């Protein structure tokens, strides 16, 4: 069974959805379900330093909240000149061991803002 | 002195209060992110007075930098999407883990495991319908092992008389075993870890005691 179909998972998803409504930026994200892969994700636009990415995806792991979420920044995609962007376009904003069940899509969204700020300020290796 | 209330974005994290002079640098290990103004970071010299009103505190993570690692399965980004949202109301009526076929098999196996290793404990169902092992174990005293609602994705929770430090260390050690922890395994980890403080503990540091015996 998918994590969000369990009683606790559904409650958590509801809480996370409320948290995503808490500021103007994250409020523009919507919950999507990819019927092909089964992925559940938040999609929305992010703008940092005047660079607009229309399709940022925060994808839940099937073991959420025990495994970290996967992040794609698209439309336009980021140039892969840094080692922090994988060949498939996913961004690695944290180490596995830094993830904890206390992280939520909203926290990940804030981390994406930080990552893109560092990206456009040339702070990434 | 300046007091600033900064909401933490983590679930279950309390709101934090920053105290200090306006020119004092922000605490390390955290970053403060404002969706409207940007990122504030003590490591870059940002101070308390630089904090925007809508800043949220999150842990400062380290960007991971090895190609291919950090990803689990997908080899390419998902391409097709449906705008189908999940119905939370429907989800709330779902069965509990031990009412599903795979859960029944798992519980049956764990009943045998517990009967063999911890026959002192008995299985109960609490007020909210969750399963709990309860009983007394020599050396540990009264113990409870509570199944989480998302079991086996979530870890069983041990309730026993320990200090906060021991509790925290124990939780870490159990978490290290990740998703292979059954109630019996959690109890074995607890007994192994807490053996030092248990007189005539069931599990002892065998390497040390064997050496002592040889010397004697």
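Protein chains in written order, with this note's numbering: chain A, 1 to 125; chain B, 126 to 341.
By construction, the Cβ of each residue, glycine as well, lies at the ideal position given by its N, Cα and C atoms.
Since this is a predicted model, take the numbers as computed values, not measurements.
Among the residues facing chain A, residue 183 of chain B is included, as its CB has a counterpart in that chain under 8 Å away. Between residue 167 of chain B and chain A, the shortest Cβ-Cβ separation is not below 8 Å. The distance from the Cβ of residue 105 of chain A to that of residue 79 of chain A is about 25 Å, inconsistent with a contact at the 8 Å cut-off. Per DSSP, the beta bridge partners of residue 249 of chain B are B:257. Residue 272 of chain B is outside the set of residues whose beta carbon lies under 8 Å from a beta carbon in chain A. Distances from the alpha-carbon of residue 59 of chain A to those of A:46, A:123, A:37, A:124 put A:37 closest. Only residues of its own chain outside the window of five on either side were considered, and among them 55 have a CB closer than 6 Å to the CB of residue 74 of chain A, listed in chain order. The CB of residue 42 of chain A never comes closer than 8 Å to any CB in chain B; the least such distance is about 11 Å. When secondary structure is reduced to three states using DSSP, residue 71 of chain A falls in the strand class. Using a Cβ-Cβ distance cut-off of 8 Å, the stretch 38-48 of chain A and the stretch 250-270 of chain B are not in contact, since fewer than three pairs of beta carbons, one from each stretch, lie closer than that value. In terms of beta-carbon proximity, residue 160 of chain B lines the interface with chain A, with at least one pair separated by less than 8 Å. Neighbours of residue 163 of chain B in chain A, taken as residues whose beta carbon is under 7 Å from its own, are 117 in chain order.
Going by C-alpha positions, residue 142 of chain B is about 45 Å away from residue 231 of chain B.
Counting every other CB atom within 10 Å of its CB across the protein chains shown gives residue 234 of chain B a total below 16, marking it as exposed. Cβ contact annotation for residue 295 of chain B (same chain, cutoff 8 Å, sequence separation greater than five): 283, 287, 314, 315, 318, 319, in chain order.
About 6 Å separates the CB atoms of residue 120 of chain A and residue 48 of chain A; that is less than 8 Å, so the two are in contact. Residue 222 of chain B and residue 229 of chain B have their C-alpha atoms spaced approximately 8 Å apart.
Nearest CB-CB separation between residue 187 of chain B and chain A: below the 8 Å threshold. Assignment of beta-bridge partners to residue 84 of chain A by DSSP yields no partner.
Bounds of the alpha helix (DSSP H) holding residue 108 of chain A are 105-120.
Neighbours of residue 93 of chain A in chain B, taken as residues at a C-beta separation under 7 Å, are given in chain order as 186, 188.
In this structure, DSSP gives residue 54 of chain A an extended state, which the three-state scheme calls strand. Taking the Cα of residue 264 of chain B as reference, the smallest distance to any Cα among B:243, B:274, B:276, B:249 is reached at B:243. Checking the DSSP bridge columns, you'll see residue 155 of chain B partnered with B:184.
Residue 26 of chain A is classed as buried because its beta carbon has at least 16 other beta carbons within 10 Å across all chains shown.
Close to residue 106 of chain A, with beta-carbon spacing below 8 Å, are these residues of chain B in chain order: 134. The beta carbon of residue 275 of chain B sits closer than 8 Å to some beta carbon of chain A. Under the criterion of beta carbons closer than 8 Å, residue 179 of chain B and residue 160 of chain B qualify as touching, at roughly 7 Å. When B:273, B:310, B:130, B:168 are compared, the shortest CA-CA separation from residue 238 of chain B is found for B:310.
In this model, residue 261 of chain B and residue 225 of chain B are separated by some 30 Å (Cα to Cα). In the DSSP assignment, residue 42 of chain A is bridged to A:31, A:58.
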